[in-house]
Amino acid sequence: MPVGVIDRIWIVFAALNGAIAVGTGAYASHALAAQPQAQEWFRIAGQYQMAHALALVLLVVLGSRIGSGGMGGLALRIAGWLFVAGILLFCGTLYALGTVGPLPVPMTAPAGGWSFMLGWLALAVAALRARG
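To convert, take the position in the sequence shown, counting from 1, and add 42; that gives the numbering used here.
The structure is reproduced here in C-alpha coordinates:
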(Lines of atoms letter the chains of each structure in order from A and count residues from 1; the text may use other names and numbers.)
(Lines give C-alpha, C1' and ligand atoms only; values in the text may rest on other atoms or scores of the structure.)
Protein backbone atom coordinates (compact mmCIF):
# COMPACT_ATOMS: atom_id res chain seq x y z
CA MET A 1 0.00 0.00 0.00
CA PRO A 2 1.52 3.38 -0.94
CA VAL A 3 2.45 5.86 1.76
CA GLY A 4 0.09 8.85 1.79
CA VAL A 5 0.91 12.48 2.42
CA ILE A 6 -0.22 12.37 6.05
CA ASP A 7 1.88 9.26 6.66
CA ARG A 8 4.91 10.98 5.14
CA ILE A 9 4.39 13.94 7.46
CA TRP A 10 4.31 11.60 10.47
CA ILE A 11 7.51 9.89 9.28
CA VAL A 12 9.23 13.26 8.73
CA PHE A 13 8.17 14.38 12.20
CA ALA A 14 9.44 11.11 13.67
CA ALA A 15 12.76 11.44 11.82
CA LEU A 16 13.23 15.03 12.99
CA ASN A 17 12.53 13.97 16.57
CA GLY A 18 15.03 11.14 16.25
CA ALA A 19 17.66 13.58 15.02
CA ILE A 20 16.87 16.03 17.82
CA ALA A 21 17.15 13.25 20.40
CA VAL A 22 20.61 12.31 19.10
CA GLY A 23 21.68 15.97 18.99
CA THR A 24 20.52 16.71 22.50
CA GLY A 25 22.39 13.65 23.73
CA ALA A 26 25.59 14.97 22.19
CA TYR A 27 24.90 18.42 23.63
CA ALA A 28 24.40 16.95 27.09
CA SER A 29 27.59 14.92 26.90
CA HIS A 30 29.73 17.89 25.93
CA ALA A 31 28.12 21.18 26.93
CA LEU A 32 26.58 19.94 30.16
CA ALA A 33 29.54 17.87 31.37
CA ALA A 34 29.90 19.96 34.52
CA GLN A 35 26.17 19.73 35.34
CA PRO A 36 25.27 16.12 36.21
CA GLN A 37 21.62 16.87 37.02
CA ALA A 38 21.13 18.64 33.68
CA GLN A 39 22.81 15.73 31.90
CA GLU A 40 20.42 13.31 33.58
CA TRP A 41 17.37 15.34 32.53
CA PHE A 42 18.67 15.41 28.94
CA ARG A 43 19.41 11.67 29.02
CA ILE A 44 15.89 10.83 30.19
CA ALA A 45 14.27 13.23 27.72
CA GLY A 46 16.35 11.87 24.85
CA GLN A 47 15.41 8.27 25.64
CA TYR A 48 11.72 9.07 25.73
CA GLN A 49 11.92 11.24 22.63
CA MET A 50 13.72 8.56 20.63
CA ALA A 51 11.37 5.80 21.78
CA HIS A 52 8.33 7.83 20.79
CA ALA A 53 9.86 8.96 17.49
CA LEU A 54 10.15 5.26 16.65
CA ALA A 55 6.61 4.69 17.93
CA LEU A 56 5.35 7.30 15.45
CA VAL A 57 6.93 5.33 12.60
CA LEU A 58 5.33 2.19 14.01
CA LEU A 59 1.92 3.88 13.89
CA VAL A 60 2.35 4.57 10.17
CA VAL A 61 3.32 0.95 9.52
CA LEU A 62 0.41 -0.34 11.58
CA GLY A 63 -1.98 2.06 9.86
CA SER A 64 -1.03 0.60 6.50
CA ARG A 65 -1.58 -2.94 7.81
CA ILE A 66 -4.78 -2.55 9.82
CA GLY A 67 -6.31 0.27 7.81
CA SER A 68 -6.79 3.91 8.63
CA GLY A 69 -10.57 3.80 8.76
CA GLY A 70 -12.90 2.87 11.56
CA MET A 71 -12.18 2.90 15.26
CA GLY A 72 -8.76 1.27 14.84
CA GLY A 73 -7.55 4.01 12.51
CA LEU A 74 -8.97 6.73 14.74
CA ALA A 75 -7.25 5.21 17.76
CA LEU A 76 -3.93 5.17 15.85
CA ARG A 77 -4.30 8.86 15.00
CA ILE A 78 -5.13 9.67 18.62
CA ALA A 79 -2.08 7.68 19.76
CA GLY A 80 0.11 9.68 17.36
CA TRP A 81 -1.13 13.02 18.63
CA LEU A 82 -0.75 11.89 22.24
CA PHE A 83 2.85 10.83 21.52
CA VAL A 84 3.50 14.25 19.98
CA ALA A 85 2.00 15.95 23.04
CA GLY A 86 4.17 13.79 25.28
CA ILE A 87 7.32 14.68 23.35
CA LEU A 88 6.55 18.37 23.55
CA LEU A 89 5.43 18.43 27.18
CA PHE A 90 7.56 15.79 28.88
CA CYS A 91 10.76 15.96 26.86
CA GLY A 92 10.49 19.70 26.31
CA THR A 93 10.13 20.30 30.04
CA LEU A 94 13.19 18.19 30.86
CA TYR A 95 15.25 19.95 28.17
CA ALA A 96 14.15 23.29 29.61
CA LEU A 97 15.03 22.21 33.15
CA GLY A 98 18.51 21.32 31.95
CA THR A 99 19.13 24.61 30.19
CA VAL A 100 17.00 27.49 31.47
CA GLY A 101 15.42 26.09 34.61
CA PRO A 102 11.80 25.47 35.58
CA LEU A 103 9.05 26.56 33.23
CA PRO A 104 6.48 29.10 34.40
CA VAL A 105 3.69 26.60 33.74
CA PRO A 106 3.53 23.88 36.42
CA MET A 107 2.89 20.17 35.79
CA THR A 108 3.96 20.11 32.14
CA ALA A 109 6.22 17.05 32.56
CA PRO A 110 3.53 14.99 34.31
CA ALA A 111 1.02 16.01 31.63
CA GLY A 112 3.47 14.78 29.03
CA GLY A 113 3.92 11.52 30.89
CA TRP A 114 0.16 11.04 30.94
CA SER A 115 0.07 11.79 27.21
CA PHE A 116 2.61 9.03 26.59
CA MET A 117 0.64 6.53 28.68
CA LEU A 118 -2.66 7.43 27.04
CA GLY A 119 -1.00 7.14 23.63
CA TRP A 120 0.06 3.57 24.41
CA LEU A 121 -3.45 2.78 25.61
CA ALA A 122 -4.85 4.23 22.37
CA LEU A 123 -2.48 1.93 20.48
CA ALA A 124 -3.92 -1.01 22.43
CA VAL A 125 -7.43 0.11 21.47
CA ALA A 126 -6.32 0.31 17.82
CA ALA A 127 -5.12 -3.28 17.98
CA LEU A 128 -8.38 -4.44 19.53
CA ARG A 129 -10.46 -2.55 16.95
CA ALA A 130 -8.40 -3.56 13.91
CA ARG A 131 -10.27 -5.03 11.00
CA GLY A 132 -9.43 -8.55 9.96
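A virtual CB, placed ideally from N, CA and C, is assigned to each residue, including glycine.
Whole-number beta carbon distance between residue j and residue i, since they are thought to touch under 8 Å
{"i": "residue 95", "j": "residue 59", "result": "4 Å"}
{"i": "residue 165", "j": "residue 121", "result": "5 Å"}
{"i": "residue 155", "j": "residue 83", "result": "Incorrect: roughly 14 Å between the Cβ atoms, too far for contact."}
{"i": "residue 91", "j": "residue 62", "result": "7 Å"}
Test item: CB-CB of residue i and residue j under 8 Å
{"i": "residue 74", "j": "residue 124", "result": "no"}
{"i": "residue 133", "j": "residue 87", "result": "yes"}
{"i": "residue 153", "j": "residue 108", "result": "no"}
{"i": "residue 56", "j": "residue 104", "result": "no"}
{"i": "residue 52", "j": "residue 101", "result": "yes"}
Rounded straight-line distance, which links the Cα of residue j to that of residue i
{"i": "residue 43", "j": "residue 163", "result": "At residue 43, the pLDDT of 49 sits below 50, so the modelled position is not reliable and the matter cannot be decided from this model."}
{"i": "residue 145", "j": "residue 70", "result": "19 Å"}
{"i": "residue 129", "j": "residue 106", "result": "23 Å"}
{"i": "residue 150", "j": "residue 143", "result": "13 Å"}
{"i": "residue 137", "j": "residue 66", "result": "8 Å"}
{"i": "residue 48", "j": "residue 64", "result": "25 Å"}
{"i": "residue 118", "j": "residue 99", "result": "11 Å"}
{"i": "residue 79", "j": "residue 115", "result": "40 Å"}
{"i": "residue 127", "j": "residue 81", "result": "23 Å"}
{"i": "residue 147", "j": "residue 158", "result": "19 Å"}
{"i": "residue 135", "j": "residue 85", "result": "13 Å"}
N- and C-terminal bounds of the alpha helix (DSSP H) containing residue i
{"i": "residue 88", "result": "78-108"}
{"i": "residue 63", "result": "47-73"}
Check: residue i C-beta below 7 Å from any heavy atom of the ligand ADP
{"i": "residue 161", "result": "As for the ligand ADP, it is missing from this structure, which has no ligand bound."}
**Study point:** Residue ranges of each alpha helix (DSSP H) within the stretch 114-153, 4 or longer
**Key:** For the stretch 114-153, whole alpha helix (DSSP H) runs of length 4 or above, ordered along the chain, are 134-141.
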